[in-house]
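Chemist: So our numbering is basically just the index in the sequence shown, starting at one, shifted up by 3. There's a structure below that I have some questions on.
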Amino acid sequence: MPTLELLITHTHQGAVYRPGARIEVAEATARWLLARGIARVWQPPPEPPLPAPDPALNPEPPRTRRGRPPKAQTPNPEPPPIADVTENTP
């Protein structure tokens, strides 16, 4: 059943509705009201857009001259232990 918004005062099922009122009617009744300019199809208002993200809360990483983010800096691995050569001397 479509929902219509009335453009003029209208009596529907014994009740008087003012312009701007929304009524839910059968398909045949909707066609009749639309054809005579008494109502239009009601569309719910669109949802408001999401706010833009705050750059202070989620800063963008710095860019290199080529436009890419810099490579992740990894700590230098520990060098392998030096073997004690005094143990194996004859």
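Cβ coordinates follow ideal geometry from the N, Cα and C atoms, glycine included. A quick note: this is a predicted structure, and the numbers were derived from the prediction, not measured.
Give me the Cα-Cα distance between ALA31 and VAL44, rounded to the nearest whole angstrom.
Modeler: Computed Cα separation, rounded: 13 Å.
Chemist: Who pairs with ILE41 in a beta bridge, going by DSSP?
Modeler: DSSP, once it has assigned bridges, lists no residue as partnering ILE41.
Chemist: Once DSSP output is grouped into helix, strand and coil, what is the label at LEU36?
Modeler: LEU36: helix per DSSP, three-state reduction.
Chemist: Inspect the CB distances between the region 9-27 and the region 48-61 and report whether three or more fall short of 8 Å.
Modeler: no
Chemist: Anyone know if the C-beta pair for LEU36 and LEU7 falls short of 8 Å?
Modeler: yes
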